[in-house]
Structures are given as C-alpha cells and as structure tokens.
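Data block below; observations after.
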Amino acid sequence: LAELLDRALPEEEIRVIKNVLDAHSDFIKDYHDLRTRKAGRERHIDLHLTVCQDESIAQTHKTMDSIEKEIASRLPNCNVVIHPEPCSHRSDRCPSDCYWLKVERKKD
C-alpha cells in the first residue's frame with residue numbers, strides 16, 4: 001500500500017540532490033523550496049535556484065539542464081523542475097567583485 005501513496009523522498013535521496021546542487025556552487029548562489037515526492041516508481045523534484053542576474057538566459061538554461069541530468073542520472077525515474085530566480089545580491093555566495101553587490105552595499 002505504501003508504494004501507492006505519494007510521500008517525500010527519503011533523506012538519503014534528498015542528500016543526493018543537495019550534493020549535485022552543491023557541486024554547482026560556482027553558478028548557484030542559493031537553492032530553496034526543495035520539494036520532493038515519490039508516486040509509485042516516479043520521483044518528482046521541484047526547487048528554486050538563485051543565480052546572478054547578470055548571467056545570460058542561455059547559460060542559466062544550460063546549467064539547469066546539466067543539473068537536471070545529473071540528478072536524473074543518480075535517481076532513476078525522476079522528473080526535475082527547476083525555477084530560476086535572480087540574485088538579490090545579499091547572499092554569502094556572491095563574489096566580492098559582483099557589480100550589483102557593490103551597488104547594494106553603497107545603498108546600505
């Protein structure tokens with residue numbers, strides 16, 4: 001009966017997802033709203049990624065495709081949906097030479 005009911009992915013599978021995301025920390029400034037569920041054999045993963053607003057749409061799309069494929073290669077039968085968001089430049093992961101971060105700091 002448990003296989004028929006939707007439920008969150010087990011912690012070890014969530015850790016796999018987080019490890020993939022952490023491997024892209026040079027591009028991803030933050031990730032949040034990670035939601036997972038398993039319905040039968042299918043895994044569903046939905047999350048938000050924060051990226052620098054200066055990144056091109058093409059580069060953001062390429063990186064997100066890569067992340068989706070990496071997760072899918074480690075967790076079979078999964079559907080990954082990533083929502084990109086522009087950086088507010090208040091993340092600890094922003095590079096110190098980020099133009100927008102310098103502008104924000106001048107405002108403060």
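Residue numbers (this note's numbering): 1 to 108. Positions of the beta carbon are idealized from the N, C-alpha and C atoms, including for glycine. Only a predicted model underlies this, so the values are computations on that prediction, with no experimental measurement involved.
Inter-residue spacing [alpha-carbon to alpha-carbon] between Glu-55 and Asp-26:
12 Å
Below 8 Å on the Cβ atoms is my guess for His-83 versus His-44; work out the distance and round it to an integer in Å.
So it is not a contact: roughly 14 Å between Cβ atoms.
When the Cα atoms are used, what is the spatial distance from Ala-58 to Tyr-31?
19 Å
Provide the residue span of the alpha helix (DSSP H) that contains Arg-15, from first to last.
11 to 22
Among residues of its own chain, excluding the 5 on either side of Arg-41, which ones have a beta-carbon nearer than 6 Å to its beta-carbon?
Asn-77
Three-way DSSP call (helix, strand, coil) for Asp-26 in this model
coil
Using a C-beta cutoff of 8 Å, does Asp-30 count as contacting chain B?
No chain B appears in the structure shown, which is made up of a single protein chain.
DSSP state of Arg-43, grouped into three classes?
strand
Can you tell which of Lys-29, Ile-17 and Asp-22 has the C-alpha that lies nearest to the C-alpha of Glu-85?
Lys-29
Best match in Val-51, Thr-36, Ser-66 and Ile-17 for proximity to Asp-6 [C-alpha to C-alpha]:
Thr-36
What would DSSP say about Asp-65, mapped onto helix, strand or coil?
helix
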